[in-house]
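Under our numbering, the first residue of the sequence shown carries the number 747, and numbering increases by one thereafter.
For glycine and all other residues, C-beta sits at the position ideal for the given N, C-alpha and C.
Predicted model only: the values in this text are computed from it and were never measured.
Each remark here refers to the structure printed beneath this line.
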Amino acid sequence: MTPLKRADFRFFHRMRVRWAEVDMQKIVFNAHYLMYFDTAISDYWRALCLPYQATMDALEGDLYVVKATVEFHASARVDDQIEVAMKCSRIGSSSMTFTGAIFRGDEHLITGEIVYVFADPATQTSKPVPPALREIMMGFEAGEAMSTVQVGPWSALGPDAQSIRTEVFVHEQRIPKELERDAADDTAVHAVAYNRLGVPVATGRYLSAQAGTVKVGRMAVTRVLRGGNLGRDVLHALMHAAREHGAAEVVLHAQRSAEGFYSRLGYQRRGAPFVEAGIDHVEMFTKL
């Protein structure tokens, strides 16, 4: 097979080879490469902004592997930093083929191909790939955006924002429901990110705190899609809206676990940590 190039792919999953993955020859044991490809495909679904299980349930089907091949060009070794590239290279009537390549820098080490069939989970009999899924995957490979952010009032976005906030704050973080929802929602500016199936996947809001300053809060991203750009996109949409309304500064109370996320987006810490709703927070700010 002709060696693949990084430019052949849009999606990359970065990882480091662990000691447990090498064999007595001190190279990655061959079976682990299939695991690398499978791990990358899981991340590929996140790049599509599709929570895998919920999406398959909504589409009334699931994907089953019918063929997997690996071709070896060179070996990866312990502590190598590698990138597993994946692309959906073909979609048939009921099947889809993923082509993968593992790179160490620009060096093409491994080629993989995995063929899935979309099928009824109860009978495992094939059925047509849903048009919506086909469109999303083809759109991703064409470089299209996988999510959109809408900004507006609670009257328009409230039900979708609330569904995410309940999932994250109430069910996951166990914040009392009566503390999560407050009267400020009615006057706040809200942002909700939607995937291409129209499912809400991230949210946030801002309140006017004082002249020239707004306070961002209730930032939440569906658990299985964290680590991508949804939180960033929601925050940027809120900041853009605040700037359009004349604000010069944004402040927020960041959970300590999210402090690094906001720092990478240009926010600075201000003051000592404090506890809010039973969770450690710190105030952060940035100028617009």
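Which residues bound the alpha helix (DSSP H) around S893? As a first step, residue 893 is located in the sequence shown; it is residue number 147 there, counting from the start. Run containing S893: none in the alpha helix (DSSP H); it sits in the beta strand (DSSP E), 893 to 898.
Fully enclosed by the region 899 to 971, which alpha helix (DSSP H) runs are 4 residues long or longer? 900 to 911, 923 to 926
Which one of V967, G898, S954 has the shortest CA to CA distance from A994? Taking the first residue of the sequence shown as position 1, residue 994 is located at position 248. Checked all of V967, G898, S954; the closest Cα to A994 is S954.
Going by DSSP, what residue range makes up the alpha helix (DSSP H) through D784? Along the sequence shown, read from residue 1 onward, the residue named residue 784 stands at position 38. Start and end: 778 to 793.
In chain order, what are the residue ranges of uninterrupted alpha helix (DSSP H) at least 4 long that sit wholly in the region 972 to 996? 976 to 990
Beta strand (DSSP E) runs wholly inside the region 1001 to 1033, at least 3 long, in chain order: 1014 to 1022, 1025 to 1033
Test item: CB-CB of A865 and T871 under 9 Å: If you number the sequence shown from 1, residue 865 lands on position 119. If you number the sequence shown from 1, residue 871 lands on position 125. Taking 9 Å as the Cβ cut-off, A865 and T871 qualify as a contacting pair.
List the endpoints of the continuous alpha helix (DSSP H) containing L805. Within the sequence shown, numbered from 1, the residue matching residue 805 stands at position 59. Here the alpha helix (DSSP H) through L805 covers 798 to 805.
Kindly confirm or deny that the region 787 to 803 and the region 868 to 888 touch, where touching means at least three C-beta pairs closer than 8 Å. yes
Could you check which residue in L903, E918, I882 has the C-alpha nearest to that of M892? Stepping through the sequence shown from its first residue, residue 892 is reached at position 146. Selected option, being the one with the closest Cα: I882.
Leaving out the 5 sequence neighbours to the left and right, which residues in its chain are closer than 6 Å to D808 when beta-carbon positions are compared? Position 62 of the sequence shown, counted from the first residue, corresponds to residue 808. Answer for D808: M802, P867, listed in chain order.
Using the Cα positions of R978 and Q956, report the straight-line distance between them to the nearest angstrom. As a first step, residue 978 is located in the sequence shown; it is residue number 232 there, counting from the start. As a first step, residue 956 is located in the sequence shown; it is residue number 210 there, counting from the start. Approximately 24 Å between the Cα atoms of the pair.
Check whether the region 809 to 825 touches the region 897 to 916, counting contact only when three or more Cβ pairs, one atom from each stretch, lie closer than 8 Å. no
Thinking just about the alpha-carbon of each residue, which of K873, A987, G1006, R972 is nearest to the one in D789? Along the sequence shown, read from residue 1 onward, the residue named residue 789 stands at position 43. Nearest C-alpha to D789: R972.
Please confirm whether A1000 and V935 have their CB atoms less than 9 Å apart. Residue numbering aside, residue 1000 sits at position 254 when the sequence shown is read from its first letter. Residue numbering aside, residue 935 sits at position 189 when the sequence shown is read from its first letter. The answer is no: Cβ separation not under 9 Å.
Contacting residues, own chain, Cβ-Cβ under 6 Å from V967 (five flanking each side not counted): Within the sequence shown, numbered from 1, the residue matching residue 967 stands at position 221. Cβ within range, chain order: A948, L976, G977.
Mapping DSSP to helix, strand and coil, what is A822? Within the sequence shown, numbered from 1, the residue matching residue 822 stands at position 76. Three-state DSSP puts A822 in coil, outside helix and strand.
Is the beta carbon of I848 closer than 9 Å to that of D784? Residue numbering aside, residue 784 sits at position 38 when the sequence shown is read from its first letter. Residue numbering aside, residue 848 sits at position 102 when the sequence shown is read from its first letter. Cβ distance not < 9 Å, so D784 and I848 don't count as in contact.
Alpha carbon to alpha carbon, how far is K923 from R752? Give it in angstroms, no decimals. Locating residue 752 in the sequence shown gives position 6, counting from the first residue. Locating residue 923 in the sequence shown gives position 177, counting from the first residue. Using only the alpha carbons, I get a separation of about 47 Å.
Out of S840, R764, E890, which one is the CA nearest neighbour of R756? Taking the sequence shown and counting its residues from 1, the one referred to as residue 756 is at position 10. For the residues S840, R764, E890, the minimum Cα distance to R756 belongs to E890.
When DSSP labels each residue in this structure, what does A888 get in the three-state scheme? Position 142 of the sequence shown, counted from the first residue, corresponds to residue 888. DSSP places A888 in coil when its eight states are reduced to three.
Counting C-beta neighbours from all protein chains within 10 Å, is the total for V812 16 or more, i.e. buried, or is it exposed? Translated into the one-based positions of the sequence shown, residue 812 becomes position 66. Label assigned to V812: exposed.
I need the DSSP call for L879, collapsed to helix, strand or coil. Mapped onto the sequence shown, residue 879 falls at position 133. The answer is helix: DSSP assigns L879 an H, G or I state.
If the criterion is Cβ atoms closer than 9 Å, does the pair R1002 and V1028 meet it? Mapped onto the sequence shown, residue 1002 falls at position 256. Mapped onto the sequence shown, residue 1028 falls at position 282. Contact: yes.
Compute the distance between the beta-carbons of A907 and P946, then report whether it is under 9 Å. What you label residue 907 is simply residue 161 of the sequence shown in a count that begins at 1. What you label residue 946 is simply residue 200 of the sequence shown in a count that begins at 1. Result yes, Cβ atoms of A907 and P946 sit closer than 9 Å.
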